[in-house]
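**Student:** So that we are looking at the same thing, I have put the structure below in structure tokens.
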Amino acid sequence: MLVAQAARQDHTPASLRGQAVFITGAASGLGAALASTLARAGADIVAADIRPQALTAAAAQWREAGVRVHPIGLDVADPTAARRAIEEAVDTMGRLDVLVNNAGTDVTLPISELSEEEWLRVIGTNLNGPFLLAKHAAAHMRTLGGGHIVNVASTAAKRAWPNAAAYHASKWGLLGLSHALHAELRPQNIRVTAVVAGGMRTPFLLERFPELDPAQLQDPANIAEAIRAVLCMPPATVIAELTVLPMRETSWP
């Protein structure tokens with residue numbers, strides 16, 4: 011038994027030191043928690059957000075872990091900007107091992123009031139952006155011999171509620187995209203994981219739904235820790251889908 015345990019330990023990374031991780035939506039919420047968690051695990055961080063000024067203070071804190079941090083202002087839905095951001099990440103860090111598609115947005119309106127522009131913005135951020143970044147990141151990961159792409163979905167990819175047509179469409183699409191990439195990229199040693207996240211205590215949720223009880227929601231740091239564990243799995247294993255829920259959330263399952 012001791013020999014088997016030692017073998018498992020030999021194949022499980024003790025940290026993420028030496029790996030470069032690209033995180034979108036890194037200025038707040040889960041993205042910020044994830045950057046902090048992975049920096050403490052030794053990863054170099056490329057932090058992307060549509061609000062680059064919001065990254066400054068956080069980046070200074072992440073550097074205290076002794077890792078490199080490179081902030082990038084990025085609208086993930088812009089095809090040219092997405093390609094250039096991956097190129098910039100590789101040029102700066104010398105490699106790209108992990109992409110976390112975390113950036114997300116929503117417009118909470120009934121379909122009768124939801125404009126075409128609002129629909130396209132949600133789909134662009136939540137679905138088109140992950141496709142674009144995964145496409146360019148995977149091209150580089152193939153040259154490294156492998157990598158890992160994590161797509162942050164939601165319980166909104168499993169069930170539906172009113173006044174969120176664009177959000178549901180984008181998250182159901184992201185979950186489908188993630189499983190398709192899992193099947194396609196697995197032979198190239200690129201692992202793809204969809205994280206179905208339950209309600210979190212983040213501004214994204216609480217500012218739109220002030221009636222929610224924060225005690226029923228989970229700390230985004232908990233989901234960040236779950237993603238860290240996924241990234242540290244033995245290389246012969248891939249977790250294609252992971253559901254992380256608050257213990258007291260009543261909406262799922």
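This note's numbering applies: residue 11 is where the sequence shown begins, and numbers increase by one. Backbone N, C-alpha and C fix where the C-beta goes; we use that ideal spot for every residue, glycine too.
Grab me the residues of Met-243's own chain with a C-beta within less than 7 Å of its C-beta, minus the 5 sequence neighbours each way, in chain order.
**Tutor:** Position 233 of the sequence shown holds residue 243. These residues qualify, in order along the chain: Ile-249.
**Student:** Give the straight-line distance between the Cα atoms of Ala-87 and Asn-161, rounded to the nearest whole angstrom.
**Tutor:** Taking the first residue of the sequence shown as 1, we reach residue 87 at position 77. Taking the first residue of the sequence shown as 1, we reach residue 161 at position 151. Straight-line Cα distance between these residues: approximately 15 Å.
**Student:** Any contact of the region 80-97 with the region 143-151, i.e. 3+ C-beta pairs under 8 Å?
**Tutor:** Short answer: they touch.
**Student:** Would you kindly check if the distance between the Cβ of Leu-26 and the Cβ of Thr-234 is under 9 Å?
**Tutor:** Residue 234 sits at position 224 when you count from the first residue of the sequence shown. Residue 26 sits at position 16 when you count from the first residue of the sequence shown. The amino acid at residue 234 is misidentified as Thr; the sequence shows Ala. Taking 9 Å as the Cβ cut-off, Ala-234 and Leu-26 do not qualify as a contacting pair.
**Student:** Quick one: is Trp-171 buried, meaning 16 or more other Cβ sit within 10 Å of its Cβ, or exposed?
**Tutor:** Along the sequence shown, read from residue 1 onward, the residue named residue 171 stands at position 161. Exposed, because fewer than 16 other Cβ atoms sit within 10 Å of the Cβ of Trp-171.
**Student:** Kindly indicate the opening and closing residues of the alpha helix (DSSP H) around Ala-149.
**Tutor:** Residue mapping note: residue 149 aligns to position 139 of the sequence shown, counting from 1. From DSSP, the alpha helix (DSSP H) with Ala-149 extends over 139-154.
**Student:** Tell me the DSSP bridge mates of Gly-157?
**Tutor:** If you number the sequence shown from 1, residue 157 lands on position 147. According to DSSP, which records beta bridges pairwise, Gly-157 is partnered with Ile-200.
**Student:** Could you give the first and the last residue of the continuous alpha helix (DSSP H) run that contains Leu-40?
**Tutor:** Sequence index remark: in the sequence shown, residue 40 carries index 30 (1-based). Segment 39-50, the alpha helix (DSSP H) holding Leu-40.
**Student:** Out of Ala-70, Ala-163, Gly-52, Phe-141, point me to the one whose CA is closest to Leu-40's CA.
**Tutor:** The residue you call residue 40 lines up with position 30 of the sequence shown. That would be Ala-163, whose Cα lies nearest to the Cα of Leu-40.
**Student:** Per DSSP, what are the beta-bridge partners of His-80 in this structure?
**Tutor:** What you label residue 80 is simply residue 70 of the sequence shown in a count that begins at 1. Val-56, per the DSSP bridge assignment.
**Student:** Figure out for me which residue from Leu-142, Thr-115, Pro-120, Phe-141 has the closest Cα to the Cα of Arg-131.
**Tutor:** Counting from one through the sequence shown, the residue named residue 131 turns up at place 121. Per the Cα distances, Thr-115.
**Student:** In the DSSP assignment, what are the bridge partners of Ala-30?
**Tutor:** For this step, residue 30 is matched to residue 20 along the sequence shown. Answer is Asp-54.
**Student:** Per DSSP, Val-162 forms a beta bridge with which residues?
**Tutor:** Taking the sequence shown and counting its residues from 1, one reaches residue 162 at position 152. In the DSSP output, where bridge partners are listed per residue, Val-162 has Val-205.
**Student:** Among Gln-198, His-158, Ala-193, Val-240, which residue has its Cα nearest to the Cα of Phe-32?
**Tutor:** As a working mapping, residue 32 is identified with position 22 in the sequence shown. Considering only alpha carbons, the answer is His-158.
**Student:** Nearest-angstrom Cα distance between Ser-180 and Ala-57?
**Tutor:** The sequence position of residue 180 within the sequence shown is 170, counting from 1. The sequence position of residue 57 within the sequence shown is 47, counting from 1. So the two alpha carbons sit approximately 23 Å from each other.
**Student:** Can you list, in chain order, the residues of its chain with a C-beta nearer than 6 Å to that of Leu-142? Leave out the 5 residues immediately preceding and following it.
**Tutor:** One-based indexing of the sequence shown puts residue 142 at position 132. Excluding sequence neighbours, Leu-142 sits near Pro-89, Ala-92.
**Student:** Just to confirm my understanding: we take Gly-76, look at its own chain, exclude 5 residues before and 5 after, and list those with CB closer than 6 Å. What are they?
**Tutor:** For the purposes of this step, residue 76 is taken as the residue at position 66 of the sequence shown. Here the set comprises nothing.
**Student:** Tell me the start and end of each unbroken alpha helix (DSSP H) in the region 88-141 that is at least 4 residues and wholly inside, in chain order.
**Tutor:** Counting only runs of 4 or more, we get 89-103, 126-133.
**Student:** Within 8 Å, do at least three Cβ pairs link the region 102-112 to the region 51-66?
**Tutor:** The region 51-66 is in contact with the region 102-112.
**Student:** Within 10 angstroms of the Cβ of Gln-15, are there 16 or more other Cβ atoms? Answer buried if so, exposed if not.
**Tutor:** On the sequence shown, position 5 is the one that residue 15 refers to. Because Gln-15 carries a pLDDT of 41, less than 50, the predicted location of this residue cannot be relied on, and the following value inherits that uncertainty. Exposed, by the Cβ-count rule.
**Student:** Give every residue of the same chain whose Cβ lies closer than 6 Å to the Cβ of Ala-30, excluding the five residues on either side of it in the sequence, and list them in chain order.
**Tutor:** If you number the sequence shown from 1, residue 30 lands on position 20. Cβ neighbours of Ala-30 beyond the five flanking positions: Asp-54, Met-103, Arg-105, Leu-106, Asp-107.
**Student:** Assign Arg-201 to buried or exposed, taking buried as 16 or more other Cβ atoms, counted over all protein chains shown, within 10 Å of its Cβ.
**Tutor:** Working through the sequence shown from its first residue, we reach residue 201 at position 191. That one is buried.
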